[in-house]
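I have placed the structure first, in the form of structure tokens, so that the comments after it can refer back to it.
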Amino acid sequence: MPRIVDVIEELKIDKATFAKVYEKVMDKPLSAKAATISDANLEKIKYVLDQLPSKGAKTAKEEKQPAKKAAQEAKVLKSDELGFGGGFLSGLGFSKQEEKTVEPEQDEDDLALHNIQIPVVSSEEVSQERISFSQPTQRYEARKISSAPEQPKEKKEFPAKKQHGNISIGQGTYKPKEKVVATAADFARFQTEKAPERKSDFSEGVAKKHHTSQPEKRVEKKPENKPVAPKVHKEATTSANLVKKTEVTIDENITVKEFSEKIGVPLPEVMKKLIANGIMTSLNASLDFDTASLIAEDLGVLLKKKEATLDAQSFMEGDLQKILDIDKEAEHQVERAPIVTVMGHVDHGKTSLLDYLRKTSVAGGEAGGITQSIGASMIDYNNKKITFIDTPGHELFTSLRARGAKLTNIAIIVIAADDSVMPQTIESINHAKAAGVPIIIAVTKIDKPGNNMEQIKADVAKHGLTPEDWGGETPFVGVSSKTGQGIDVLLEYVLLQAEMLELKYNPERQAVGVVVDAYKDPKQGVVASLIVLTGTLKNGDIIVAYNTYGKVRRMQNWIGKNASKISGGEPVQILGFTELPEPGRIVEVVSNEKEANQRIAFIKENETKAKGDGALQQFLAQLKAGDQSKISELRLILKADGSSSLEALKQAVDGISLPKHVTIKVVHSDVGYFGESDLSLAQASRAILLGFNISMNAALKKKAESLKIEMKTFDIIYELTDYLTNLLLGMVEVEKEEVVVGKLEILGVFHTETREMTIGGMVKEGKVKNKLKFRVYRGEDILTNGEILSLKRNKDEVKEVNAGEDCGMKVKMGKRLDIGDILEFYEMQEVKE
């Protein structure tokens, strides 16, 4: 076999080229230890080299060079034609920068090697044949090799055996009579398919080429009946199938490759435009909408941003009602279980009541009789399902209770018959009222002597809940968790309220639920408890909970049995989240991981804005919007040093003169200092804390600031009312209108960046002021909006330029501007009465 070094010298090529051709032909890289090459493989390599363009021939790239050079030399700025050349620009204080277009280099050898037909050598004369049989006793005469030198060995010819594109040969040498050129389909089969009998091994056979003076005849081999498509580059196929679009809608962010496919423009053209705009990036790098819009405009495609869906926005804001409202339009709806929250003061029998309902012994295993985390369970009563959320009653866990109240359809507030209304009872009532859910009062421990139901009704009525037998709407039910007395009545009230609420869900939509609890298990990973509110949750679903997501790997219902699907209203424990989801977060099933990542990216992009404002700032922002068709409600939590002070404070707040479309609602009022429970209630109900004649804990104040909760105390009552009055009246926005202050015609475009441009022009009307916003007119159409970043005249920064004067400016805009465009500048001015 010839040495590789000799072959390279004979072919007059470098080793790198030889290695590249070898890899193309053999479908494997050239080993560094390889010293020789078989004659058969050498013939194929020579054939491929013959197909490559000769060094003397001009390549397509070289032929394009003169035309390209001429085009570059002919390129001039339009502004030069109008007298806005470098002198004018430098006179305005801006430097001229020319755009450079960089052509991406392509490997000519790769292009030439692509789709070359590889010769398949056939052998019809074999000098030696060695055949093995399974029986060791059998002999074959052809295996005997004569040692007599004077007697020539008989050559037995075997026809070439083609099996699935491969050639079966023995271990002897063969001499090809003619060169057979296979099609690309044959070569594709040759590379991918295996022979049914035995494999071809070109490395074992030694082909001896018989050189003659006459050129050998090449016979084209006809393809078989079932041709196999030749190997082609994926990118080439994609580019060929692309159809350029005129208008495309994309998300806020998109990769370069996805952008190319979306607009139907080949990737090389997109990359050229990016490079021309000074953007050096990779195929999988992300482009924001503004950048993509500019590139699309250069390519003649109108780009539109995909608006955030209602679900995505509501998902981020935690607006569960907006997400569930979609079910109202569904044709197929079925009844779902009501979700009931049980709340109350510590040791008032809340857990014992739930224990009786679900027939478990939860109460016995709790430390100090306090439920340490929110749990959920489901019961069947009269062939109807009811889901219960067990929320803690101790004030340490008020924040969890506030979150629990927001999950519920109905609230049961337990009050011990021997204890009546207590501080946590009042907080529970206020939480339920803030959530806007029906309330049922369960008076527990009625089996004990000395209970006074009428006194309890009177105490509860002081907090705005009037009993039914007093003409109100709040049911009062006496129950005993020991004897079961009143349990049936309580459950009948629950089902009656559920029937009035007409709770239904769409089982065919993607599931939506709420995180009740979550923790990390050292063996299983993240374990999350959910309540499904609509849709059907299934194993394998991709789920998102605010800024984390996962794939449902396993589900267990509330009694610990594995489940394949969970319906609306049912609690479930799942495995699959990558990170711990926060309790109270909405969980939603999405189509795939890509959509999950897009949802999370949307949330991260907007959560800074969402977290930046507290309840007061959001309320004032709503007032600033000036929409008088919507009522703006300011919610307050009031605290005072005594009962008389608290009553005086509430009367003073009621007497404040309010602007139109503004109301004040006292969510909670009590005697005493501010505590953790007040912060949690303020956070849950979006309220501000106002105290009268009480001191404030420094640590609590710091925590309130971190949560963006407004908390103030006053020593004089009129100072508190003046604070509210000035706050409300001062923030009612004065009516404003948009006024056009000037117009400018663009006479020169000097430098373009991704979102900024440097332009020159003449003020046609009015005046142009620095930092003004503008609209761009191209003919009668509004092209885009923008803003002045800097304004110059005669090299100097100026505040304004008057009509008839020229100027230069750097602007920020959404689309590329051009000579002849009209910029209309405007500002907001107060409407004079």
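Quick note: the sequence shown uses my numbering, first residue 78, plus one each step. Note that CB positions come from ideal geometry on N, CA and C, so glycine has one too.
Grouping DSSP H, G and I as helix and E and B as strand, with all else coil, what is L379?
Strand, per DSSP.
CB-CB length for W45 against K534, believed under 8 angstroms:
An answer regarding residue 45 cannot be provided, because it is not within the stretch 78 to 910 covered by the chain.
Compute the Euclidean distance between the alpha carbons of F654 and M886, then round it to the nearest angstrom.
Going from the Cα of F654 to the Cα of M886 covers about 51 angstroms.
On the premise that G661 lies in contact with V591, defined as a C-beta separation below 8 angstroms, what is that separation, rounded to the nearest angstrom?
V591 to G661, Cβ: 7 angstroms. Contact.
Would DSSP call A622 helix, strand or coil?
Of the three classes helix, strand and coil, the one that applies to A622 here is strand, per DSSP.
Quick check on the burial criterion: 16 or more other C-beta atoms within 10 angstroms. Buried or exposed for H409?
H409 sits exposed, since fewer than 16 C-beta atoms from the chains shown fall within 10 Å of its C-beta.
Use the C-beta contact count for Q906: other C-beta atoms within 10 angstroms, 16 or more gives buried, fewer gives exposed.
Classification of Q906: exposed, given that the 10 Å Cβ count is below 16.
Excluding five sequence neighbours on each side, which residues of the same chain lie with their C-beta closer than 7 angstroms to the C-beta of T113?
Correct list, in chain order: M78, P79, R80 and I81.
Per the contact definition of three or more C-beta pairs closer than 8 angstroms, is the stretch 348-355 in contact with the stretch 869-881?
In short, these stretches do not touch, since the Cβ pair count stays below three.
Residues bridged to T464 [DSSP beta-bridge criterion]:
Bridge partners of T464: I416 and M455.
Can you find the residues in the same chain that come closer than 6 angstroms, C-beta to C-beta, to Y458, ignoring five residues on each side of it along the sequence?
Closer than 6 angstroms at Cβ, skipping near neighbours: L568.
Report buried or exposed for Y124, applying the criterion of at least 16 other Cβ atoms within 10 angstroms of its Cβ.
Classification for Y124: buried.
Terminal residues of the continuous beta strand (DSSP E) containing D858?
It spans D858 to R870 - the beta strand (DSSP E) in which D858 sits, taken as one unbroken run.
Reducing DSSP to helix, strand and coil, say where A717 ends up.
Note: A717 maps to strand in three-state DSSP.
Check H508 in the structure and name its three-state DSSP category.
DSSP places H508 in helix when its eight states are reduced to three.
Could you work out which residue in I836, S762, D718 and S558 is closest to I793 when comparing CA atoms only?
From the listed residues I836, S762, D718 and S558, the smallest Cα separation to I793 is found for D718.
Based on the DSSP secondary-structure assignment, which residues constitute the bridge partners of V592?
For V592, which the question treats as bridged, DSSP gives the partners L607.
Tell me whether A369 is buried or exposed, calling it buried when 16 or more other Cβ atoms sit within 10 Å of its Cβ.
Flag for A369 reads buried.
Taking 7 angstroms as the limit between beta carbons, can you name the residues of its chain near V84, skipping five residues before and five after?
Excluding positions up to five away in sequence, the list reads I114 and L119.
Endpoints, alpha helix (DSSP H) assigned at Q650
Looking at the DSSP string, Q650 is not in any alpha helix (DSSP H); the run it does join, the beta strand (DSSP E), is P648 to F654.
According to DSSP, residues forming a beta bridge with V826
DSSP output for V826 lists I836 as bridge partner(s).
Would you mind working out which of S108, A111 and K97 sits nearest I122, comparing C-alpha positions?
With distances taken between Cα atoms, I122 lies closest to K97.
Looking at T613 and P658, is the spacing between their C-beta atoms short of 8 angstroms?
No.
Mind checking N669: buried by the 16 CB within 10 Å criterion, or exposed?
Residue environment: N669 is assigned as exposed (fewer than 16 neighbouring CB atoms within 10 Å of its CB, all protein chains considered).
Just reading off the beta strand (DSSP E) that D883 is part of, what are its end residues?
Segment D883 to M890, the beta strand (DSSP E) holding D883.
So H914 and L758 are in contact, right, with Cβ under 8 angstroms, and what is the actual spacing, rounded?
This structure cannot speak to residue 914, because the chain is shown only from 78 to 910.
I believe L380 touches V325 by the beta-carbon criterion, under 8 angstroms. Please report the beta-carbon distance rounded to the nearest angstrom.
Contact flag correct, Cβ pair sits at about 6 angstroms.
To the nearest whole angstrom, what separates the beta carbons of L344 and K334, a pair I think is in contact under 8 angstroms?
Contact annotation, L344 with K334: C-beta distance approximately 7 angstroms; criterion of less than 8 angstroms satisfied.
Mind reading off the beta-carbon distance from V419 to F465? Whole number of angstroms is fine, and I expect it under 8 angstroms.
Approximately 6 angstroms separates the beta-carbon atoms of V419 and F465; this is inside 8 angstroms, confirming the contact.
On the DSSP bridge assignment, give the partners of E665 in chain order.
Under DSSP, E665 forms a beta bridge with V589 and V621.
Quick check: the Cα distance between T323 and Y854, rounded to an integer number of angstroms?
CA-to-CA, the gap between T323 and Y854 works out to about 21 angstroms.
Minimum C-alpha distance to G881 - residue among G843, E901, G891 and K339
In terms of CA proximity to G881, G843 leads the group G843, E901, G891 and K339.
List the endpoints of the continuous beta strand (DSSP E) containing D435.
The residue asked about is misnamed: residue 435 is Arg in this sequence, not Asp. No beta strand (DSSP E) holds R435; the alpha helix (DSSP H) holding it covers K427 to R435.
In the DSSP assignment, what are the bridge partners of D365?
For D365, which the question treats as bridged, DSSP gives the partners N330.
Under 8 angstroms, do L723 and S754 count as touching if we go by C-beta distance?
No, these two residues do not count as a Cβ contact at 8 angstroms.
Give every residue of the same chain whose Cβ lies closer than 6 angstroms to the Cβ of M773, excluding the five residues on either side of it in the sequence, and list them in chain order.
The beta carbon of M773 lies closer than 6 angstroms to those of T790 in the same chain, with the five residues before and after it left out.
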